[in-house]
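Below is one structure, written out as structure tokens, with a few remarks after it.
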Amino acid sequence: MHMMPTIPRSFFDRPVLDVARDLIGATLLVDGVGGPLVEVEAYDETDPASHSFRGPTARNAAMFGPPGIAYVYKIYGIHWCLNFVCRPGSAVLIRALEPTHGLDQMRQRRGGLADRQLCSGPGKLCEALAIDRRHDHVPLDQPPFTLLAADRDHPIVTGPRIGITKGADTPWRFGVQNSPFLSRPMKG
DNA sequence: AACTTGATGGTCT
DNA sequence: GACCATCAAGTTC
19 MHMMPTIPRS FFDRPVLDVA RDLIGATLLV DGVGGPLVEV EAYDETDPAS
69 HSFRGPTARN AAMFGPPGIA YVYKIYGIHW CLNFVCRPGS AVLIRALEPT
119 HGLDQMRQRR GGLADRQLCS GPGKLCEALA IDRRHDHVPL DQPPFTLLAA
169 DRDHPIVTGP RIGITKGADT PWRFGVQNSP FLSRPMKG
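Mind the numbering: the first sequence is residues 19 to 206 in the numbering used here, read in order.
Right under this line is the structure:
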């Protein structure tokens, strides 16, 4: 039987673009609920779209913490967003996953929406996995998180990031081509 | 299929 | 006071 290895913290002590690409296909679970990542975005301190661009603040403190912890923040006063912190000032925004584990809990949390809409966006994913402020700064190699390395290759496509105004042309979005679980289709 | 809009509040200037 | 790393429901083509 095939066992997907747990991702070690050292995985995140690498350039953020490498980490982002390698996260596609990795399985994220929170208390056993989740599935394989199909869409992520990279952000770093040289990037005007990044929360870290203007240096540390109370909100973005986790982005300057050690590699391999979560950075969770609230956007538009409504939705939570989950990031995986890499080297200081850099992180990967977790935008979408294919829901495979704990489907009943996800459906309940998401109000009975169709399976393809359970985790097809950063705010939706956090609602489905019940991620909130409590997860900010939490190490990704400890409960409630489980992170398992990808067990096969996926056709990865890149493109511009979503929902930003600055740095809008930087192609730091990574996704599985043609996955029905993306927040929006990838071009190409 | 593309677009517009209202919800709702934290963060930073 | 402006700006959001969003979502879902609505309108219009």
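Where is the CB? At the ideal position from N, CA and C, for every residue including glycine.
Between the stretch 112-121 and the stretch 132-150 there are three or more inter-stretch CB-CB distances shorter than 8 Å, so the stretches are counted as touching.
The Cβ atoms of L121 and L100 do not sit closer than 9 Å to each other.
Between F163 and V56, the beta carbon gap of about 18 Å keeps them out of contact (Cβ cut-off 8 Å).
The bridge partners DSSP lists for I87 are P157.
The Cβ-Cβ distance between G83 and S28 does not fall below 9 Å. The beta-carbon distance between D62 and V90, rounded to whole angstroms, is 18 Å. This is too long to meet the 8 Å contact definition. In terms of Cβ geometry, C104 and D154 do not form a close pair [threshold 9 Å].
Burial state of D187 is exposed, judged by a 10 Å Cβ sphere holding fewer than 16 other Cβ atoms. Counting only residues of its own chain and dropping the five nearest sequence neighbours on each side, R202 has a CB closer than 7 Å to the CB of I180. A check of alpha carbon separations from A168 across V48, K184, P54, D49 identifies P54 as the nearest. Using a Cβ distance threshold of 9 Å, I149 and W98 count as a contacting pair. Within the stretch 52-129, the complete beta strand (DSSP E) segments of 3 residues or longer fall at 88-93, 97-103, 109-115, listed in chain order. If you draw a straight line from the Cα of S68 to the Cα of P23, it is about 30 Å long.
Between G43 and L147, the gap from beta carbon to beta carbon reaches 9 Å or more.
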